[in-house]
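Down below is the structure, laid out as structure tokens.
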Amino acid sequence: MAHGQGKPLPEFMKLDGEWIIENVAFLYHSDYSGQARSATFAVGAEREDGSHALGFDSVQLAGAFDIEVSALIEANRNHTLVFVGDMDVVPTHGGTSAIAYIFRIGDRKATLTTEINQQEGTA
Numbered sequence: 006m007a008h009g010q011g012k013p014l015p016e017f018m019k020l021d022g023e024w025i026i027e028n029v030a031f032l033y034h035s036d037y038s039g040q041a042r043s044a045t046f047a048v049g050a051e052r053e054d055g056s057h058a059l060g061f062d063s064v065q066l067a068g069a070f071d072i073e074v075s076a077l078i079e080a081n082r083n084h085t086l087v088f089v090g091d092m093d094v095v096p097t098h099g100g101t102s103a104i105a106y107i108f109r110i111g112d113r114k115a116t117l118t119t120e121i122n123q124q125e126g127t128a
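In our numbering, the protein residues as written are 6 to 128.
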């Protein structure tokens with residue numbers, strides 16, 4: 006069981022969600038009513054101490070597991086959602102780097118990948 010797992014996010018974060026690992030990684034619950042689901046599944050949030058935590062959209066992660074959002078939230082709250090880790094992967098959508106975040110519920114694994122585009126240059 007991860008520290009603080011299933012605990013609601015603090016008010017100052019201004020996000021509806023809960024911790025996967027307190028002060029490190031969290032699920033946030035998006036309101037997709039009236040808009041198409043987008044590929045925005047990870048957000049950074051600043052903690053009170055100035056460091057950052059990484060958030061994953063519960064709709065996107067549930068989709069990666071091919072389960073309902075309610076089942077994902079229940080898995081987080083009963084501590085069966087496990088953050089396995091992350092690894093560098095080859096970007097496939099034009100980014101300069103990419104990280105795959107790996108999760109597990111029971112014997113099922115799901116991965117969400119973020120790409121970063123840090124192009125530098127002079128004009």
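We put the beta carbon where it would ideally sit given N, CA and C, even for glycine. A quick note: this is a predicted structure, and the numbers were derived from the prediction, not measured.
* To do: Note down the Cα distance separating L155 from N28, rounded to an integer number of angstroms.
  => No statement about residue 155 is possible, as the shown extent of the chain runs from 6 to 128 and does not include it.
* **Pick from I25, K19, R113 and L20 that is closest to K12, judged by C-alpha positions** => The residue with the shortest Cα to Cα distance from K12 is I25.
* Could you spell out where the alpha helix (DSSP H) holding E73 opens and where it closes? => Here E73 belongs to no alpha helix (DSSP H), and DSSP marks it neither H nor E.
* To do: Please check the pair V89 and R113, which I expect to be a contact at CB under 8 Å, by giving their CB distance rounded to whole angstroms.
  => Not quite, the Cβ-Cβ distance comes to about 11 Å (not below 8 Å), so this is no contact.
* Asked: Of all the alpha helix (DSSP H) runs that stay within the bounds of the region 58-108, which reach a length of 4 or more residues?
  -> The qualifying runs are 63-70 and 74-82.
* Using DSSP with H/G/I as helix, E/B as strand and the rest coil, what is E27? -> It is coil, neither helix nor strand.
* **Anticipated Cβ contact below 8 Å, T85 with G111, distance rounded** => The Cβ separation is near 6 Å, so the contact holds.
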